[in-house]
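Peer 1:
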Amino acid sequence: MMTYGDYAAAISIIVIAVPGLFGNVNILAAILRKKDLRTKSGCLMCLVAFYDCISILFEIVTAKRLFCGEILPKRDCFASVVPYFIILVTQSYTLLALAVDRMIAIFYPMKYRQMSMTFSLLLSCLPGILIGSVLAVLAFVYMDDDTVAFCNPPMALPSKIEEIYRSYTVAVNICIISLYAISLYGIHRQKKLLHTIHDARHSRHVLQQQQTMRTIGVILMVFVAAYFVVQLVNFVIIYAQIDESLPAIEFIRGMSVVPIMITFSQSFYVYWWRSREYRTVFKEQLNSKITYKH
Numbered sequence: 001m002m003t004y005g006d007y008a009a010a011i012s013i014i015v016i017a018v019p020g021l022f023g024n025v026n027i028l029a030a031i032l033r034k035k036d037l038r039t040k041s042g043c044l045m046c047l048v049a050f051y052d053c054i055s056i057l058f059e060i061v062t063a064k065r066l067f068c069g070e071i072l073p074k075r076d077c078f079a080s081v082v083p084y085f086i087i088l089v090t091q092s093y094t095l096l097a098l099a100v101d102r103m104i105a106i107f108y109p110m111k112y113r114q115m116s117m118t119f120s121l122l123l124s125c126l127p128g129i130l131i132g133s134v135l136a137v138l139a140f141v142y143m144d145d146d147t148v149a150f151c152n153p154p155m156a157l158p159s160k161i162e163e164i165y166r167s168y169t170v171a172v173n174i175c176i177i178s179l180y181a182i183s184l185y186g187i188h189r190q191k192k193l194l195h196t197i198h199d200a201r202h203s204r205h206v207l208q209q210q211q212t213m214r215t216i217g218v219i220l221m222v223f224v225a226a227y228f229v230v231q232l233v234n235f236v237i238i239y240a241q242i243d244e245s246l247p248a249i250e251f252i253r254g255m256s257v258v259p260i261m262i263t264f265s266q267s268f269y270v271y272w273w274r275s276r277e278y279r280t281v282f283k284e285q286l287n288s289k290i291t292y293k294h
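The UniProt record's numbering puts the sequence shown at residues 1 to 294.
1) Alpha helix (DSSP H) containing C125: first to last residue?
2) How many angstroms separate the CA atom of P19 from the CA atom of V25?
3) Looking at C-alpha atoms only, which residue of C175, L130, I104 and R75 is the closest neighbour of F120?
4) Measuring alpha carbon to alpha carbon, tell me which of Y51, T39 and I237 ends up nearest T118.
5) Excluding the 5 residues flanking I87 on each side, which residues of the same chain have their C-beta closer than 7 Å to its C-beta?
6) In the DSSP assignment, the alpha helix (DSSP H) including L98 goes from what residue to what residue?
7) What is the DSSP secondary structure of T147, counted as helix, strand or coil?
8) Return the Cβ separation of K160 and Y180 in integer angstroms, given the expectation that the two are a contact with Cβ distance under 8 Å.
9) Can you tell me whether F22 is buried or exposed, with buried defined as 16 or more other CB within 10 angstroms of its CB?
10) Assess, as a yes-or-no matter, whether the region 212-225 is touched by the region 269-280 under the definition of 3 or more beta carbon pairs within less than 8 Å.
11) Closest to L96 by C-alpha separation, out of V48, M115 and S256, would be which residue?
12) Within 10 Å of its beta-carbon, does S288 have 16 or more other beta-carbons around it, so buried, or fewer, so exposed?
13) Relative to the alpha-carbon of S178, which residue among G42, Y108 and L98 has its alpha-carbon at the smallest distance?
14) Would you be able to state if there are at least three C-beta pairs under 8 Å between the region 27-34 and the region 60-75?
15) With the cut-off set at 9 Å, would you say F58 and Y84 are in Cβ contact?
16) With respect to the alpha helix (DSSP H) encompassing T263, which residues constitute its N-terminal and C-terminal limits?
17) Between which two residues does the alpha helix (DSSP H) harbouring K64 extend?
18) Taking DSSP as the reference, what is the three-state secondary structure of I27?
19) Who are the near neighbours of F223 in its chain, counting only those whose CB is closer than 7 Å to its CB and skipping five residues on each side?
20) For F140, count neighbouring C-beta atoms within 10 Å of its own C-beta (all shown protein chains included) and say buried if the count is 16 or more, exposed if not.
21) Applying the criterion that 16 or more other CB atoms from any shown protein chain within 10 Å of the CB defines a buried residue, is T147 buried or exposed?
22) Which value, in whole angstroms, describes the spacing of the CA atoms of L66 and R75?
23) Measure the CB-CB distance between Q241 and I106 and report whether it falls below 9 Å.
This is the structure we're talking about:
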């Protein structure tokens with residue numbers, strides 16, 4: 001039988017999924033179509049948009065299971081969402097790599113220009129895939145016989161691996177915040193020194209990085225804030241030993257999917273708001289679709 005939390009979560013997933021898929025597909029199309037957008041940071045955001053599309057599709061399946069009242073053994077549930085779990089781990093790592101990318105671009109611009117695009121992309125996703133795969137194997141090793149109504153990670157993880165996964169997420173978020181703060185300081189300091197530097201190329205690079213930071217910074221901070229909110233809710237429930245069967249707690253835990261779905265769905269709308277370059281491309285895409293329909 002569906003609880004109020006399950007019902008609210010299922011509806012929220014569907015409501016957020018539609019604009020989320022629309023936005024991420026537009027990001028993928030824009031970056032694949034426009035060579036000017038295929039910078040290192042642009043390709044990293046293309047990867048993130050791909051992860052987000054897959055994650056949203058898995059969450060739609062979760063919503064369908066909630067509507068149908070399916071209750072699965074954890075082992076069966078986790079087996080069905082292993083790709084999703086690995087993508088979540090990889091996405092966190094790629095966003096950390098994006099924060100590193102911004103710092104290198106700001107503090108070491110010459111080295112940044114010389115870095116291989118292929119090498120950068122592989123380094124930004126393969127370690128995350130490896131970490132996710134190792135955690136997935138360990139999850140099967142330590143899997144318990146509990147059942148789960150909300151079939152998605154980390155709810156489908158055994159308690160030992162869930163603790164490791166949550167610790168990994170918190171550590172990655174702290175690193176993202178730290179690196180982004182360092183990058184902000186660097187770009188602010190370099191901008192103040194622009195009037196003393198008579199190098200048009202360097203000045204243009206600094207201004208471009210500042211514009212990129214304005215957009216990517218919002219995406220990173222929304223991601224970090226959403227995951228911290230979810231971790232805080234779970235921390236309070238677990239360590240305060242609150243009865244999780246209470247309707248209010250079931251509702252709160254069910255609705256914790258909302259901030260996560262927002263992180264999957266935000267990028268297109270942040271780009272539209274913060275980046276004139278992307279906004280122009282998006283408008284062109286949408287206008288061409290409308291013209292084609294007519």
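Glycine included, C-beta positions come from ideal geometry on N, C-alpha and C.
Peer 2: In terms of the structure at hand:
1) On the sequence shown, residue 125 is found 125 positions in, with the first residue counted as 1. Residue range M117 to V141 is occupied by the alpha helix (DSSP H) that includes C125.
2) Position 19 of the sequence shown, counted from the first residue, corresponds to residue 19. Position 25 of the sequence shown, counted from the first residue, corresponds to residue 25. Each residue's Cα considered, the two are about 10 Å apart.
3) Position 120 of the sequence shown holds residue 120. Looking at the sequence provided, one finds Ser at residue 120 rather than Phe. Out of C175, L130, I104 and R75, the CA that lies nearest to the CA of S120 is found in I104.
4) Here residue 118 refers to the residue found at position 118 when the sequence shown is read from its first residue. Out of Y51, T39 and I237, T39 has the C-alpha closest to the C-alpha of T118.
5) For the purposes of this step, residue 87 is taken as the residue at position 87 of the sequence shown. Taken in chain order, the residues that qualify are Y51, I54 and S55.
6) Locating residue 98 in the sequence shown gives position 98, where the first residue counts as 1. Element bounds for L98: K74 to F107.
7) Looking up residue 147 in the sequence shown gives position 147. Correct three-state label for T147: strand.
8) For the purposes of this step, residue 160 is taken as the residue at position 160 of the sequence shown. For the purposes of this step, residue 180 is taken as the residue at position 180 of the sequence shown. Contact flag wrong, Cβ pair sits at about 31 Å.
9) Translated into positions along the sequence shown, residue 22 becomes position 22. F22 should be labelled exposed.
10) With the cut-off at 8 Å, the region 269-280 and the region 212-225 touch.
11) For the purposes of this step, residue 96 is taken as the residue at position 96 of the sequence shown. Of V48, M115 and S256, the smallest CA-CA separation from L96 is found for V48.
12) For the purposes of this step, residue 288 is taken as the residue at position 288 of the sequence shown. Exposed: under 16 other Cβ atoms inside 10 Å.
13) In the sequence shown, residue 178 corresponds to position 178, counting from 1. Considering only alpha carbons, the answer is L98.
14) Counting Cβ pairs under 8 Å, fewer than three are found: no touch.
15) What you label residue 58 is simply residue 58 of the sequence shown in a count that begins at 1. What you label residue 84 is simply residue 84 of the sequence shown in a count that begins at 1. Yes, the pair counts as a contact, with Cβ atoms nearer than the cut-off.
16) Within the sequence shown, residue 263 is the residue found at index 263, counting from 1. DSSP places T263 in the uninterrupted alpha helix (DSSP H) bounded by V257 to S265.
17) Your numbering for residue 64 matches position 64 in the sequence shown. Under the DSSP assignment, K64 falls in the alpha helix (DSSP H) whose first and last residues are K40 to C68.
18) Position 27 of the sequence shown holds residue 27. Of the three classes helix, strand and coil, the one that applies to I27 here is helix, per DSSP.
19) Residue numbering aside, residue 223 sits at position 223 when the sequence shown is read from its first letter. Around F223: L95 and T263.
20) Start at 1 with the first residue of the sequence shown, and residue 140 comes out as number 140. F140 comes out exposed.
21) Translated into the one-based positions of the sequence shown, residue 147 becomes position 147. Exposed, by the Cβ-count rule.
22) For the purposes of this step, residue 66 is identified with residue 66 of the sequence shown, where counting begins at 1. For the purposes of this step, residue 75 is identified with residue 75 of the sequence shown, where counting begins at 1. Their backbone Cα atoms lie some 18 Å apart in a straight line.
23) Position 241 of the sequence shown holds residue 241. Position 106 of the sequence shown holds residue 106. Not closer than 9 Å, so no.
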